[in-house]
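Chains as they are written, first to last, in our numbering: chain A, 602 to 758; chain B, 3 to 164.
The next block holds one structure in the form of structure tokens; read it before the comments.
Structure representation (structure tokens):
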């Protein structure tokens, strides 16, 4: 064993140390990613004025087409944030709208999030959801440029 | 003769028989042989034994069919197909590969046993706990394929105007 593992290093210890480092690094990145929640907000304009499918939205479009009849889906903006518990992140939306996201807690495979949409300083709505890890929710409805705005929110923790 | 008999040297006699002696030694041993019956006898025995071996060797060689032996060897080589187990074994024979490969497999097993793979959870992507707002209507939809939750709301006239 010593003959094999030693190789160029001359001693098995460096090789074993390297393997251990790889193992620990892998574990750190995947299992112990820390107490933050990664959130991505995609602002999408859905309309029927043309036929267009943004390639960056291919998965989302496939889902939306099963319930909506829009022919065009355009990605207007994308916001990424990493939030701790009770920490509020903000994503600017068209027409002076703001989306505020606050993680409340993690319960099993779901994160409890508070979503608020403001128009200027006036709150339009507030909802508390339990979102699956690596799951998405789409909030839509505001009219914009002949179509409708959709806010696709995904999280991972 | 008696005088020379004391000088009998079997090793020297063997070298004499094998013609390995120099001229002086050869002459001396020849002279000794003329007077020494025991060395003469020993030399005769050597000669007869040598002649016997040479004769048998000649007979054996002359009776051997080398072409037949060659044919047999080639035939055996053709027939001796290497079994697939041996081929497989020879493929993995370098032991310097086996242990690192084993170590890697062990690490992968350890890694995947420690890291929990995401457990598939049934149900919609999002569960709505509460919803309040200054809106005229709201619809909660679930896509049929992957059960993604969609909240669709209609703003009030005030909000639309703003």
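By construction, the Cβ of each residue, glycine as well, lies at the ideal position given by its N, Cα and C atoms.
Member of the options whose CA lies at the smallest distance from the CA of residue i
i	options	result
residue 687 (chain A)	A:748, A:739, A:757 and A:638	A:638
residue 646 (chain A)	A:684, A:740, A:745 and A:704	A:745
residue 756 (chain A)	A:730, A:694, A:659 and A:675	A:730
residue 29 (chain B)	B:43, B:40 and B:14	B:14
residue 713 (chain A)	A:699, A:753 and A:736	A:736
residue 27 (chain B)	B:81, B:9 and B:77	B:9
residue 715 (chain A)	A:661, A:676 and A:740	A:740
residue 721 (chain A)	A:711, A:701 and A:742	A:701
residue 699 (chain A)	A:656, A:663, A:723 and A:668	A:723
residue 705 (chain A)	A:657, A:642 and A:689	A:689
residue 709 (chain A)	A:738, A:743, A:667 and A:733	A:733
residue 742 (chain A)	A:695, A:685, A:683 and A:641	A:695
residue 666 (chain A)	B:58, B:143, B:54 and B:89	B:143
residue 158 (chain B)	A:684, A:726 and A:636	A:726
residue 651 (chain A)	A:758, A:752 and A:748	A:748
residue 711 (chain A)	B:131, B:71 and B:62	B:131
residue 750 (chain A)	A:636, A:758 and A:669	A:669
Contacts of residue i in chain A (Cβ-Cβ under 8 Å)
i	result
residue 150 (chain B)	664, 736, 737, 738 and 739
residue 127 (chain B)	732, 733, 736, 737 and 738
residue 111 (chain B)	What residue 111 (chain B) touches in chain A: nothing, since even the nearest Cβ is about 11 Å away.
residue 134 (chain B)	726, 727 and 728
residue 167 (chain B)	Missing from the structure shown is residue 167 (chain B); chain B here goes from 3 to 164 and no further.
Neighbouring residues, chain A, relative to residue i (Cβ below 7 Å)
i	result
residue 137 (chain B)	725 and 726
residue 130 (chain B)	728 and 730
residue 2 (chain B)	What is shown of chain B runs 3 to 164, which leaves residue 2 (chain B) out entirely.
residue 146 (chain B)	667
Residues that residue i contacts on chain B, provided the C-beta gap is smaller than 9 Å
i	result
residue 747 (chain A)	None at all; the shortest Cβ gap to chain B is about 14 Å.
DSSP state of residue i mapped onto helix, strand, coil
i	result
residue 111 (chain B)	helix
residue 142 (chain B)	strand
residue 758 (chain A)	coil
residue 709 (chain A)	coil
residue 732 (chain A)	strand
residue 23 (chain B)	coil
residue 652 (chain A)	coil
residue 32 (chain B)	helix
residue 727 (chain A)	strand
residue 680 (chain A)	strand
residue 156 (chain B)	strand
residue 84 (chain B)	coil
residue 91 (chain B)	helix
residue 704 (chain A)	strand
residue 39 (chain B)	helix
residue 688 (chain A)	coil
residue 717 (chain A)	strand
residue 104 (chain B)	helix
residue 743 (chain A)	strand
residue 659 (chain A)	helix
residue 575 (chain A)	Lying before the first or after the last residue shown, residue 575 (chain A) is absent from chain A, which here runs from 602 to 758.
residue 16 (chain B)	helix
residue 149 (chain B)	coil
Contact set for residue i: own chain, Cβ-Cβ below 6 Å, skip 5 residues either direction
i	result
residue 150 (chain B)	127
residue 653 (chain A)	673
residue 649 (chain A)	671 and 672
residue 84 (chain B)	none
residue 759 (chain A)	The structure shown has nothing for residue 759 (chain A), since chain A only spans 602 to 758.
residue 754 (chain A)	642 and 738
residue 703 (chain A)	689 and 715
residue 20 (chain B)	none
residue 152 (chain B)	143
Residues near residue i in its chain [Cβ-Cβ closer than 8 Å; skip 5 each side]
i	result
residue 125 (chain B)	149
residue 12 (chain B)	44
residue 81 (chain B)	none
Residues of its chain near residue i, where Cβ-Cβ distance is below 7 Å and the 5 sequence neighbours each way are ignored
i	result
residue 141 (chain B)	154
residue 133 (chain B)	140
residue 87 (chain B)	none
residue 23 (chain B)	17 and 31
residue 41 (chain B)	10, 15, 34 and 35
residue 707 (chain A)	758
residue 728 (chain A)	716
Which ranges would you report for the beta strand (DSSP E) in the stretch 49-81 of chain B if only whole runs of at least 3 residues count? none
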